[in-house]
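In my numbering, the protein residues as written are 313 to 541.
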Ligand code: ADP
Ligand code: MG
C-alpha cells in the first residue's frame with residue numbers, strides 16, 4: 313500500500329510536469345513542422361524529399377509520445393453519466409478505423425445495443441482505444457480484431473477485445489498496467505496503465521487471456537444500470 317501511494321504521488325508529479333512541458337514543447341514543434349512542409353518542394357531531388365519526410369514523421373512521433381503522457385496528465389472532464397456501451401464501441405471503431413487499415417487489420421464487431429452503464433464516455437473511449445490499439449499493434453503482418461459486447465446474468469456489461477497477435481507470456485501479463493512497461497521500440501508503456509485506472513474508476517474489472525504467438529483477449533466487465541429514461 314505504501315509503495316502504491318508513493319507511486320501515485322510520483323505519477324501525480326509527473327503528470328503535472330508533463331502537461332506544462334507538453335504545451336511548451338508543442339509550439340516550437342508545430343513551427344518546425346510548418347517550415348518543413350514549406351521546404352517540401354515537389355521539384356526537390358528524391359534524397360532530400362526523403363529527409364524531409366523522415367523529419368515530419370519523427371516530429372509526429374514525438375507528438376504522439378506527448379499525447380500518451382498527457383493522457384494521464386489532465387482528465388478531460390469528470391462528468392459521469394448514463395452511457396450506452398454499444399454506441400461508444402461503435403464510435404471507438406470509427407475512430408480507430410484508419411489506424412487499423414494502415415496496419416492491415418480488419419475489425420469485426422458483434423455489439424450489444426442498449427447496454428447501459430454509469431461512466432464518463434470520453435474516458436471509457438480512451439481506455440478502449442488504448443486496448444484496441446495494442447491489439448492492432450500486436451499483429452505486425454495484419455490480421456483480425458474481434459470486438460464484442462454482451463450482458464451477463466450477474467449484472468455486468470462484458471466487452472471483449474480479441475486479437476490474433478504475438479500474445480504474451482505469464483510474466484508479461486503480470487506487468488500489464490504498470491507504468492513504463494513496454495516491449496515496443498517506441499512505446500511509452502502508459503496505455504495500459506491509463507486503461508486499468510479508468511476501468512477501475514468505473515468499478516469495473518479487466519481480465520486478460522493470452523497465449524504466446526496465438527493471441528490475446530481483453531475482457532472488461534462494467535456494472536450495468538437500467539436502460540432507457
Ligand atoms: P505501449 O503500447 O506504449 O507499449 P501499453 O501500456 O499500451 O504500452 O502496453 C504495454 C505492453 O503490453 C506492450 O508494449 C505489449 O508488450 C503488451 N501488450 C499490451 N496489449 C497487448 C496485446 N494485445 N498483445 C500483445 N502484447 C500486448
Ligand atoms: Mg499501447
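Heads up, the beta-carbon is just placed ideally off N, CA and C, and yes, glycines get one too.
Selection from the options that minimises the alpha carbon distance to residue i
{"i": "residue 499", "options": "446, 483 and 341", "result": "446"}
{"i": "residue 401", "options": "349, 419 and 325", "result": "419"}
{"i": "residue 547", "options": "372, 350 and 440", "result": "Any question about residue 547 goes unanswered here, given that the chain covers just 313 to 541."}
{"i": "residue 474", "options": "485, 466, 465 and 450", "result": "450"}
{"i": "residue 428", "options": "448, 467 and 360", "result": "467"}
{"i": "residue 522", "options": "502, 510 and 476", "result": "476"}
{"i": "residue 332", "options": "374, 378 and 528", "result": "378"}
{"i": "residue 426", "options": "457, 415, 462 and 503", "result": "462"}
{"i": "residue 457", "options": "531, 412, 368 and 507", "result": "412"}
{"i": "residue 345", "options": "403, 502, 355 and 363", "result": "363"}
{"i": "residue 509", "options": "482, 348, 465 and 432", "result": "432"}
Which residues DSSP lists as bridging residue i, in chain order
{"i": "residue 519", "result": "531"}
{"i": "residue 468", "result": "535"}
{"i": "residue 427", "result": "Bridge partners of residue 427: none, in fact."}
{"i": "residue 474", "result": "458 and 529"}
{"i": "residue 274", "result": "Residue 274 lies beyond the range of the chain shown here (313 to 541); nothing can be said about it."}
{"i": "residue 420", "result": "458"}
{"i": "residue 394", "result": "430"}
{"i": "residue 297", "result": "What the structure shows of the chain is the stretch from 313 to 541, and residue 297 is not part of that stretch, so it cannot be assessed."}
{"i": "residue 463", "result": "469"}
Closer than 7 Å: residue i CB and nearest the ligand MG heavy atom
{"i": "residue 455", "result": "no"}
{"i": "residue 414", "result": "no"}
The ligand ADP heavy atom lying under 7 Å from the CB of residue i
{"i": "residue 371", "result": "no"}
{"i": "residue 398", "result": "no"}
{"i": "residue 500", "result": "yes"}
{"i": "residue 437", "result": "no"}
{"i": "residue 481", "result": "no"}
{"i": "residue 542", "result": "Beyond the ends of the chain as shown, which are 313 and 541, falls residue 542; an answer cannot be given."}
{"i": "residue 536", "result": "no"}
For the stretch 511-520 against the stretch 428-439, are there 3 or more C-beta pairs whose distance is under 8 Å?
yes
Those residues, in chain order, that have a beta-carbon closer than 5 Å to some heavy atom of the ligand MG
446 and 503
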